[in-house]
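In order, the protein sequence lines correspond to chains A and B.
Residue 7 is where the first sequence starts when you use the numbering used here, and the numbers rise one by one after that.
Residue 7 is where the second sequence starts when you use the numbering used here, and the numbers rise one by one after that.
Virtual Cβ for every residue (Gly too), placed ideally from N, Cα, C.
Keep in mind that this is a model prediction, so the values were computed, not measured.
2 protein chains.
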Amino acid sequence: MKISTKGRYALRLLADLAANSSDKPVSIKDISTRQHISDKYLEQIISLLNNAGLVRSVRGPQGGYLLRKKANEITVGMVLRVTEGTMSPVSCVEPDAPPCEHMDQCPTIYLWKKLDKAICDVIDNITIEDLVNERPNAGDEYFI
Amino acid sequence: MKISTKGRYALRLLADLAANSSDKPVSIKDISTRQHISDKYLEQIISLLNNAGLVRSVRGPQGGYLLRKKANEITVGMVLRVTEGTMSPVSCVEPDAPPCEHMDQCPTIYLWKKLDKAICDVIDNITIEDLVNERPNAGDEYFI
DNA sequence: TTTTACCCTAGTTTGTCAATAGGAATTTGG
DNA sequence: CCAAATTCCTATTGACAAACTAGGGTAAAA
C-alpha cells in the first residue's frame, strides 16, 4: 500500500511551482533541475494536473506553467486523486463503487470505511501552501 | 494505494477462524469453502501467519489451524504487516528506514508522517474480535 | 523563421500480484 | 503397519502496472 512516484512527484512539482511562483510561468526544465526528476516524466505528470485544471500552461519561449488556483485552495487529496486515480484502500469503498452484495455479512467493511475516512481526513485538509510552509501541524484543526 | 488480496484474505481467514473456533483445528479446506477463496492460495497466506506466530498448525487427519492468541489480542495491523510487509504510505517513513538526507528541506515529510499515523491509529486499534462482532464503532475510543 | 517550450503517443523494462501446480512430510484412524 | 488426510515447501506462470525513455508534432515569441 504505497503512494506511487507519480503522486509524490506531483506534490513536489506543485510545491515547487507555488514556492517559485510569480507572474512568469515556470518551465518543466526548471522544475526538473531543482527537483532532480526526469523532465520527460514530469511532463506527463503535469499534463494530468493541467487537464484537471490545477495548473495552466503557457506555450512558446518563456512559457511554462502557473498555478490555476491559489496554493491554499489546492489540497493534497485533489492532487493525489488526479495522479493515483483513487485513494480508497480497497475498491469496495471507492466513491462510486457498486454496492457489494455481501456487505451485510462482510466482517471487514467497517474497518475499510474507517481506514478510508482516516486517509481522507488527512489528505483533504492539507494544502500545497501547507507543504511550502513546512508546517508540522497543518490540518490539525480537523483532527480534534 | 490499495491493500492487496493477500491482506484482505488474511483478515477474512482469521475472522473465519475466530468465528468457527473450538478445541478442534479448522482445516484450510473448510475455510476455503466458506470464504470462496482458492485453498492453495490460502495455504500460502496462512503459512505467513503461522511463521509470524498468529496461528498454530496441527498436521495429519483432523488437523488444521488454531489461533495462537485470543482474537482480541490480534490487531488488524499485526495481520496486515505480516502480509503486506509494511503499511507506510511512502518508504521514507517506514519504521526502520534510513534517515533521508533531504528530510530537513522536504516539503512532504510532515504530510507522510501524518498520513502514516492516521493509518496506524486505525489498524492498530481494531482487532479480529472486533471484525467478528461486526462492530461499526470498534476502535473509536482511540480517536476522541 | 528559428528557437523555445509545451503537447501527444508509443515503447520498454522491471517488478509485483494473484494465483496454480506438484510433490514431500507428518499424523491419525483402521 | 498402511492409507488417507492434511500441512509444508518451492517453483512457475500470466497478467498487469509502474516508472520511465524516446521521438516527433504544435504553438508562440523574439
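Segments of 3+ residues assigned as beta strand (DSSP E) that fall wholly inside the segment 36-81 of chain B: Complete beta strand (DSSP E) runs here, min 3: 61-64 and 70-73.
Going by beta carbon distance, what residues of the same chain come within less than 7 Å of B:Lys35, once the five residues before and after it are set aside? Asp45
Item checked: Segment contact, 8 Å Cβ cut-off, at least three pairs: the segment 131-145 of chain B with the segment 114-122 of chain B -> no
key: Neighbouring residues, chain A, relative to B:Arg141 (Cβ below 8 Å)   = Annotation: Cβ neighbours of B:Arg141 in chain A (cutoff 8 Å, chain order): Tyr116.
**Report entry** Secondary structure of B:Val32, DSSP reduced to three states
**Finding:** strand
*asked:* Which residues of the segment 72-92 of chain B have a Cβ closer than 7 Å to any Cβ of chain A? Give them in chain order.
replied: Val82 and Glu90
- Message: Just to confirm the assignment, what range does the alpha helix (DSSP H) spanning A:Tyr15 have?
- Response: Thr11 to Ala25
Check your understanding: What does B:Asp127 touch in chain A if you count any residue whose Cβ is under 7 Å from its own?
Key -> Those are Ala124, listed as they occur along chain A.
### Query
Just to confirm, are A:Leu180 and A:Ser63 a CB contact at a threshold of 8 Å?
For chain A, the structure presents residues 7 to 150; residue 180 of chain A sits outside this window and is missing.
Exercise. According to the Cβ coordinates, are B:Ala16 and B:Thr89 closer than 8 Å?
Worked result: Taking the C-beta atoms as reference points, B:Thr89 is found nearer than 8 Å to B:Ala16.
- request: Name, please, each residue of chain A whose Cβ falls closer than 7 Å to the Cβ of B:Val96.
  value: Lys8, Ile9 and Arg14
On a CA-only basis, which of B:Glu140, B:Cys106, B:Ala24 and B:Arg18 is nearest B:Gly76? Give me that one, please.
-> It is Lys, not Gly, that sits at residue 76 of chain B in the sequence shown. It is B:Ala24.
ask   = Of all the options A:Asp127, A:Val138, A:Asn56 and A:Ile80, which has the alpha carbon lying nearest to the alpha carbon of A:Tyr148?
value = For the residues A:Asp127, A:Val138, A:Asn56 and A:Ile80, the minimum Cα distance to A:Tyr148 belongs to A:Asp127.
- Query: Going by alpha carbons, who is nearest to A:Ile43 out of A:Gln68, A:Ser27, A:Gly13 and A:Ser28?
  - Reply: Checked all of A:Gln68, A:Ser27, A:Gly13 and A:Ser28; the closest Cα to A:Ile43 is A:Gly13.
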